[in-house]
Amino acid sequence: MTNEPIERGTLTWRPAEDAWANSSLCDFAEHVVALGGPACSEYGELLDWSLGEPGPFWAAVASWQCIRWHDKPSASLVGGTMPDVTWFPGGTLNYAERMLAWAAEQPDETAIIELSQSRDRREVTWAELVDQVACCRAGLVGRGVGRGDRVVAFSPNISETLVAFLATASLGAIWSSCAPEFGVRAVTDRWAQIEPKVLIAVDGYMYGTKGIDRSAHVDQIAAALPSLEHIVHIGYLRPDGDLPTDSRACAWDDLLANHAPLEFEAVPFDHPLYVLFSSGTTGLPKPIVHGHGGIVLEHAKAWSLHYGLRPGDRVMWFTTTGWMMWNFLISGLITGSTIVLFDGDPAAPDLLALWRVAADEQVDVLGVSAPFIMACRKEGIRPGDLVDLSCVRHLGSTGAPLPVEGFEWIPEAVGRHIQTGSMSGGTDVCTAFVGTAPTLPIRAGEIGARMLGCDVRAFTPSGERCAPNETGELVIVTPMPSMPIGLWGDESGERYRSTYFDTYPGVWHHGDWITFFDDGACQITGRSDATLNRGGVRLGTADFYVIVDSMPEIADSAVVHLEDKAGGPGELILLVATAGGHELDEDLVSKIKRALRSELSPRHVPDEIAALPAVPRTLSGKKLEVPIKRMLLGMPADKAASRDSLANPEALDHVAAWVADRNA
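According to the working numbering, the residues represented by the sequence shown are 666 to 1329, in order.
Below is the structure:
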């Protein structure tokens, strides 16, 4: 690799000259013309039409994807100002039916490849998947589950979780899942809000070579949910272990003991499919309800048009069941592709683990997090030299902005043939709204474009559209079908409106800090509620982490800003966890300050740099900038953040101890 880093905007990958002609985008564009729509010959034209005519665009997606309507809708989009709009009124369908539609055409092809550190590799054909879903559905019906009931799963990214979800969806029942690494409080804070009837749970799991028993957690979760009528036990850590003594418990095999034909409840477009929850670091997690139709259309669009998935392709995204990327990953079945489920430690036995899986399983589209990419770069590994990654055509990155150095490392160390797709979206829409497409070039440090049907813009505080290269609040100005149908328990809709539409009436306010460039590419620089206002100049936290976290002496960091009520520059504080063998001495402090001053600006130089054993992060890997700031302003640790929502709750104690010493 070169000594001098490349600049933002440097071209790192370009599509082949015939990329458009060979893409699903071209196929879709021809379908649009056949429907009487405009002729589009490149991505930009298709994007402009999708934003200008959202109703016809999404109707075209629905017909192109052969959505089976039990009752045909009277229109595609009605209503005016968000959130007072309705998608496909009168239409009825079922998410699970569309997910399993390919089974009729390719019953003996592989639908699922399951890889785990808890048990041997498994393959499930489309026919086997349909059979398991049918049996699971029959078991749920036999236990009184029907339309509108809630089924929850405390289970990892394994085939049983997917089967149970599809069976739940087929009934018109409502799903929610938590990864088994969640603490009891994190789980019960979520599920007590939705009052589930059935809990499906594993007894534990292997993480690398370490067995993690979760039996006691399951007992405590069940005790905290008085609405539960049944508990389904999956012997994942101990396949031959005894059933829990709870009289409501049965084994997974017992749930699937009876076969019945697979049927699908026809539900309205906006019927609840699942409840996803916000991170819950500063209070009860927000229960975000997504509907059958919106998820079908959005995920079909994203996987087929933006990732080019087709029957026979293989897709894997490293995720847990507590992150919306699990919901996104499993929808890859909509395209007839094979989804690869991985459960375990992605760094066991080393950071090549996921790359080996991608090579062995001949994965076409691989998704990981930006911190994982940067960790591999920091370790100096070169996966492309060690395993055969020739099948990988796209490497997706999410969870955090991917720095310029990550874009540079991938072609150098992984493969020049691979398109790097940094994307951003969220649990609130269960998708990405900015990303890339197979026909778009890749430029370092940038997200290539708005995704089709996603009218994302940058707004000033007064609600005006920002000029190119001007940073502002990320907003969405036209409706998307995968916007939530509501928040659970919010019968009046007041909480939903205040969450997303109070800042800019009629406009979705997402809470990220974004900059669009002249060519439509963009850069996200962090959460707007964590953005640093330094002497009237707003600084994105991501800019700091690109510099600081790339240093070999630094394992992790977090930056916060304490405003000066008198209007002064305030106090900028950088917390760092040093890497093994290093300590925060005067030389390292000076190095950090010099780097921030020269590579960013004098405004970015912290007033204080302090060391912590670890920086607290959520279970999905996000840094806790806002809770740390609240603790600095006097809020007790347990009120500033929920420990059970953290990947490393002990790190919260480190912050609390440091704050106490600082105040003393």
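Ideal Cβ positions, reconstructed from N, Cα and C, are used throughout, including at glycine.
In whole angstroms, what is the alpha-carbon distance linking residue i and residue j?
i	j	result
A1097	S943	16 Å
V1079	G1049	4 Å
H924	V1005	26 Å
E1044	L1016	8 Å
D1053	L1031	14 Å
G1176	W1020	33 Å
H696	P1126	40 Å
M666	M1039	With a pLDDT of 40 at M666, under the threshold of 50, the modelled position of that residue is not reliable, and the figure given next carries that caveat. Cα to Cα, the separation comes out at about 14 Å.
A834	N759	7 Å
L1249	A1279	13 Å
H1319	L1277	6 Å
A769	W968	20 Å
E1315	F753	48 Å
T826	F1007	12 Å
L893	I886	10 Å
R1047	K1287	26 Å
E1264	I1212	8 Å
A727	H964	11 Å
G977	A1302	50 Å
I896	A818	10 Å
S889	W685	Strictly speaking, residue 889 in this sequence is Ala, with Ser absent from that position. Approximately 54 Å between the Cα atoms of the pair.
Using the Cβ count rule (16 or more neighbours within 10 Å means buried), how would you classify residue i?
i	result
N898	Sequence check: residue 898 is His here, not Asn. H898 comes out buried.
K737	exposed
G1061	buried
P904	exposed
K875	exposed
S739	exposed
D868	buried
T1180	buried
S1266	exposed
C731	exposed
R815	buried
S706	exposed
H936	buried
S1055	exposed
For the candidate residues the options, whose alpha-carbon lies nearest to that of residue i?
i	options	result
S880	D911, M1216, K862	D911
G755	R1047, L1265, A768, W734	W734
R1115	M1039, S835, V1213, I1141	I1141
A922	L970, Q797, R1108	Q797
P1014	H1082, G873, F722, L962	G873
S1193	L890, E930, P1281, F1124	F1124
V883	G848, K862, F934	G848
W714	D773, A1316, L1117	L1117
C1119	T1101, N822, K1287, G1246	T1101
M981	V1057, G956, L962, P933	V1057
R679	R1108, G1009, L1237	R1108
V743	P1144, K1294, W1074, L1253	P1144
Any idea what DSSP makes of residue i, helix, strand or coil?
i	result
A914	strand
T667	In this prediction, T667 has a pLDDT of 43, which is less than 50 and means its spatial position is unreliable; what the coordinates show is noted afterwards. In the structure shown, T667 sits in coil (DSSP, three-state: anything other than H, G, I, E or B).
Y1161	helix
V1172	coil
W767	helix
C843	strand
E1330	This structure cannot settle anything about residue 1330, because the visible part of the chain is limited to 666 through 1329.
Q1188	strand
A1329	coil
F1124	strand
R1058	coil
T1000	helix
A887	helix
T833	helix
F929	coil
In the DSSP assignment, what are the bridge partners of residue i?
i	result
A1275	L1240
L864	V817, I896
E779	R787, L1006
A1097	G1090
R1108	L676
F942	P952
I1075	Answer is none; I1075 lacks a bridge partner.
S1255	Partner(s): none; S1255 has no beta bridge.
V1291	Answer is none; V1291 lacks a bridge partner.
A1223	L1240
Q858	Bridge partners of Q858: none, in fact.
E1264	According to DSSP, E1264 bridges with nothing at all.
Confirm the yes/no value for this check: CB of residue i, any heavy atom of the ligand HEM, distance under 6 Å.
i	result
Q782	This structure lacks the ligand HEM, and indeed carries no ligand of any kind.
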